[in-house]
Ligand code: HEC
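Residue numbers (the working numbering): 315 to 505.
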């Protein structure tokens, strides 16, 4: 695999990314896989913290406020997936070349279906091989990308309940701990 120098994406400001960036400071090079794994560690942690400590706690345990798809109108909390997408959209606006999204083979929102061959293969792989990630390279337009796919797992009862009961969900038998979809990270490769 090619070795690539990445500029440090300090916008993420988190420990694993900083650790990954140290290679550049010392003149070393950072493997795209290490970069992708570090970025994913930050995203996954934020997503789990939001789901457990904000949504699950305030909605299901303390009954203070609900999470709703129509969170603005309902004066409610955004759903975990909406929170994730708002972050991804903000990163896309920064035009740093790096992008990410939350997809599934069984999406509530049809826009979250896999669109490229690699996305489809990766989502199937992480669903069938629990605990493993999927890595590959793909060319989209004139750019070659290192693309990584990570499982998105039902970490709280709220994940399963909401998807199984949602009118637009094509799948109604998700169980706690099961893979429900995946996070796709795309890093442009130079040269
Ligand atoms: C209260 C309802 C609710 C909860 C709780 C919830 N989701 Fe979702 N989820 C949705 C909705 C609605 C969407 C579609 C959002 C969009 O993109 O418009 C979605 C999107 C997703 C997607 C992208 C594919 C798709 O279905 O569109 C994945 C993967 C996903 N959720 C997994 C999870 C996991 C894992 C959890 C728990 C950590 C979780 N969800 C919690 C309702 C929920």
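Using N, Cα and C, we set each Cβ at its ideal position, and we do this for glycine too.
Segment limits, beta strand (DSSP E) that includes residue i
i           : result
residue 463 : 457-467
residue 501 : 493-502
residue 358 : Not the beta strand (DSSP E): residue 358 falls in the alpha helix (DSSP H), residues 346-363.
Sequence-distant residues of the same chain with beta carbon closer than 6 Å to residue i, five excluded per side
i           : result
residue 412 : 501
residue 461 : 432, 450, 452 and 500
residue 477 : 483 and 488
residue 480 : 422
Rounded C-alpha distance that separates residue i from residue j
i           : j           : result
residue 389 : residue 438 : 36 Å
residue 441 : residue 493 : 6 Å
residue 416 : residue 465 : 10 Å
residue 487 : residue 443 : 19 Å
residue 324 : residue 382 : Here the model assigns residue 324 a pLDDT of 43, short of 50, so the residue's position is not dependable and the matter cannot be decided.
residue 499 : residue 373 : 30 Å
residue 347 : residue 469 : 24 Å
residue 353 : residue 497 : 11 Å
residue 358 : residue 368 : 15 Å
residue 364 : residue 349 : 23 Å
residue 428 : residue 345 : 25 Å
Neighbour flag for residue i against chain D, beta carbons, 8 Å
i           : result
residue 383 : Of the protein chains in this structure there is only one, and it is not chain D.
Delimiting residues of the alpha helix (DSSP H) encompassing residue i
i           : result
residue 438 : 431-442
residue 401 : 394-407
residue 383 : Segment: none, residue 383 is in no alpha helix (DSSP H) and carries neither H nor E.
Own chain residues within Cβ distance below 7 Å of residue i, not counting five before or after
i           : result
residue 426 : 416, 417 and 418
residue 490 : 468, 471 and 474
residue 361 : 394 and 398
residue 370 : 470 and 472
Own chain, CB closer than 8 Å to residue i, minus 5 neighbours either side, in chain order
i           : result
residue 385 : 391, 392, 393 and 396
CB contact flag (residue i, residue j, <8 Å)
i           : j           : result
residue 436 : residue 463 : yes
Notebook entry, point to check: Does the count of Cβ pairs from the region 396-407 and the region 444-453 closer than 8 Å reach three?
Noted result: no
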